[in-house]
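Note sheet for the following structure.
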Amino acid sequence: MRLPDRNAIWLYAALAVLGIAMIIPFTMGSIYILNIIILMLVFIIFASSWNLLAISGQGSLGHAAFFGIGAYASTIIATGTGISPYITLFFGAGVAAIVGVLIGLTCVRLKEWFLAMVTFGFAIIVQTLVVSVLAPITGGWDGIASPRLVSPAVPGYLLIEYYSILLITALSILFIHAILKSHIGLAFAAIRENEIEARASGVNPVKYRLTGFAISAYLAGVAGALEIHYIGYVTPEIFGIDISFWPIIYSIFGGLGTLAGPVIGTIALTIVWDGLKAFGLTYERFIIIGVVLILVVIFLPRGLISLPEEIRKWRGSRKTTSEPEKGSD
Amino acid sequence: MVDVDILLQVTFWGLYAGCIYILLATGLNLIFGVMKVVNFAHGEFLMLGAYVTASIFLLSGINPYAIIVLSMLVLVLVGGVVERLCFRPILGTGKLNEIFLSIGLIYVIQNAAVGIWGDQWQSIQSPYAGITIPIGPLSVPLDYIIIIVVTALILIGLFLFLNRTRLGMAIRATSQNRKGAVLVGIDVERMDMVSFGIGTALAAAAGTLWVVSGQVFNPYMGSIPAIKAFAIIILGGLGSIPGAIVGGILYGLAENATAYLFGGLWKDAVSFIILIIVLVFWPTGLFGEGEE
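Heads up: the protein sequence lines correspond to chains A and B, in order. Mapping of the first sequence onto the working numbering: position 88 corresponds to residue 766, and the numbering continues sequentially without gaps. Mapping of the second sequence onto the working numbering: position 138 corresponds to residue 476, and the numbering continues sequentially without gaps.
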């Protein structure tokens, strides 16, 4: 009877977060904070997409490639056809998903850290292509302007953008939740735990690995397109190493392999990151984030989300060590 | 069609660039061989080595080639501390954990360097800058020749250390069979620390050779060369030092040939294109045995 309780707690927590997100624009007059929150929402999708790939038993050190491909593809389609970015962003993400499957195909037979190498290199190859061969349509290093989600001429455009990005973020999380509950999620777990047993019970690992890659790349593409249509400009720096590392850091910090982990990680670290900025720190912020990451990997490998459980366990173990004779009678 | 002089020139550049990769890849191989650890922050040690050498040179004016020893000693200590504090606690918890930890290390070390030295591009001038030696039709900068000779000397020294000394043999034993090494009384945790320190020192040597040739450097210089060094050891065989040497030279040559033919823009991309093509056909690497 504990499990439904816990599910209910999660549901209420999610609804509360959503409720707070709904009223934020009315409680805070500052555009600066709204801007931070919009970018945070985008990175919640991005981190969750990376995390989904991890759940499917794979890893990526170059997820910026899909983030950037979604952004560029959507921008180029939107400028070329004049279709609203609200529609093109899903096509742009589709391009990212197709590329994701191609990369997945080259990677299915690789061990996890070889895969990390390939994906890292892939982001660099894509960046090189964007500034060389593709420069006539991508604008090379200078980048290109991207149509805004809502034209700044529309009154209250920022609020419309905020609520639509919030909606897409919530839908993305629900989508991942649905996948994890479906047979695909079960297959991911089976492959992750024991690939040979999974294969013996009729689960085709290659098929599910590719599915994982496609969905993950798709969501990363959605995130990239959203960010760029919000900022209004895209440059090849979107393929940078930092952009690939952030979703990893967020997911690990929150709790790798859980639905809520990347969400909690992104929110918590955004507060830390922008809070430190308010104190006037610049490069020192990276040192602090780096130290936090190292400490989490060593002492809290299941992330912030496991903190209550770890504390309970720690308290429990203290109790049993202080009263060792209790167990003997 | 292709000018022989230019071909030779590109080959020489390739050998020189290869030296940096060989030192990085050999160090990584030593660490991987003993600890089976994937440290993506290895390039940050190259960067620290470069800055330590440059700082000592700017303060004292000693011949920068002589500082290589000092720089390596400093980095042995850094490596030992990093191994003890960061990698030992997570040893055996999985490759992904090691990669995540390396990402944290990359941020810490890079930005600590920004704090100490600033983040602008810098360079120092070798005392032999401008001196060239005629070899056949070529005029090769003296610095390049010294760098190739120094790399060879370091590798010979490493070979002698690993094959002729008790400590070196203990490291090799740990690398070949960790449990067996414990059984014959080798302190494997000490071997971890020593090999991590030596690997780090080799990265410092690479960093020193980078700066003395007059190349520019900044705190972010190390990431890409280190990842390429990983590509090299995947191609050349995990734990195989001869593989790292051959792979390093091939990578140096391939990159410089590409840069010459298609422009410098492709220099980084080509390394990964080679890696991906190789892994598509040989998923465990050219000489991989599928272990670990």
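Each residue gets a CB set at the ideal place from its N, CA and C atoms; glycine is no exception.
| query | result |
| --- | --- |
| Beta-carbon proximity of G778 (chain A) to A895 (chain A), cut-off 8 angstroms | yes |
| Test item: CB-CB of I360 (chain B) and A592 (chain B) under 8 angstroms | no |
| Cβ of V808 (chain A) within 8 angstroms of any chain B Cβ | no |
| Assumed close pair F745 (chain A), I916 (chain A) - CB separation to whole angstroms, cut-off 8 angstroms | 6 angstroms |
| Beta strand (DSSP E) segments (min. 3 residues) lying fully within the segment 704 to 765 of chain A | none |
| Cross-chain neighbours of E962 (chain A) in chain B, by beta carbon under 8 angstroms | N449, G453 |
| Beta carbon of G933 (chain A) nearer than 8 angstroms to that of G863 (chain A) | no |
| is_contact[I967 (chain A), chain B] using C-beta, thresh 8 angstroms | yes |
| Counterpart residues of P472 (chain B) in DSSP-defined beta bridges | B:S477 |
| Inter-residue spacing [alpha-carbon to alpha-carbon] between A686 (chain A) and G456 (chain B) | 51 angstroms |
| Opening and closing residue of the alpha helix (DSSP H) in which C357 (chain B) lies | 342 to 373 |
| Test: G981 (chain A) CB closer than 8 angstroms to a CB of chain B | no |
| Y911 (chain A), DSSP secondary structure in three states | strand |
| Cross-chain neighbours of V950 (chain A) in chain B, by beta carbon under 8 angstroms | Near V950 (chain A) there are no residues of chain B at all, since even the closest Cβ is about 13 angstroms away, more than 8 angstroms. |
| Chain B contact for L971 (chain A) (CB, 8 angstroms cutoff) | yes |
| The segment 961 to 979 of chain A contacting the segment 437 to 457 of chain B, beta-carbon criterion three pairs below 8 angstroms | yes |
| Contacts that L849 (chain A) makes with chain B (C-beta to C-beta distance below 7 angstroms) | In chain order: nothing, as chain B lies at least about 29 angstroms away. |
| Test item: CB-CB of I570 (chain B) and G560 (chain B) under 8 angstroms | no |
| Contacting residues, own chain, Cβ-Cβ under 6 angstroms from V554 (chain B) (five flanking each side not counted) | W459, S461 |
| Near-chain A residues of the segment 409 to 443 of chain B - C-beta to any C-beta below 9 angstroms | L423, C424, P427, I428, T431, G432, K433, L434, N435, E436, I437, F438, L439, I441, G442, L443 |
| S561 (chain B) at chain A interface by Cβ criterion, 8 angstroms | yes |
| Residue from A:G918, A:P814, A:V900, A:V773 with nearest C-alpha to F853 (chain A) | A:V900 |
| Between the CA atoms of L793 (chain A) and V884 (chain A) - distance to the nearest angstrom | 14 angstroms |
| Secondary structure, alpha helix (DSSP H): runs of 4+ residues fully inside the segment 822 to 859 of chain A | 835 to 859 |
| Where Q458 (chain B) falls: helix, strand or coil (DSSP) | coil |
| L793 (chain A): first and last residue of the uninterrupted alpha helix (DSSP H) it sits in | 790 to 809 |
| Supposed close pair G381 (chain B), P563 (chain B) - CB separation, criterion 8 angstroms | 5 angstroms |
| Beta-carbon proximity check, M718 (chain A) vs T948 (chain A), cutoff 8 angstroms | yes |
| Chain-ordered chain B contacts of T784 (chain A) [CB-CB under 8 angstroms] | I614, L617, V618 |
| Segment contact flag, the segment 902 to 916 of chain A with the segment 752 to 769 of chain A, C-beta cutoff 8 angstroms, min 3 pairs | yes |
| Where I565 (chain B) meets chain A, residues with beta-carbon distance less than 8 angstroms | M795, F798, G799 |
| CB contact flag (M373 (chain B), L429 (chain B), <8 angstroms) | yes |
| Beta carbon of V941 (chain A) nearer than 8 angstroms to that of S726 (chain A) | yes |
| Rounded C-alpha distance that separates P427 (chain B) from V526 (chain B) | 14 angstroms |
| According to DSSP, residues forming a beta bridge with F555 (chain B) | B:Q460 |
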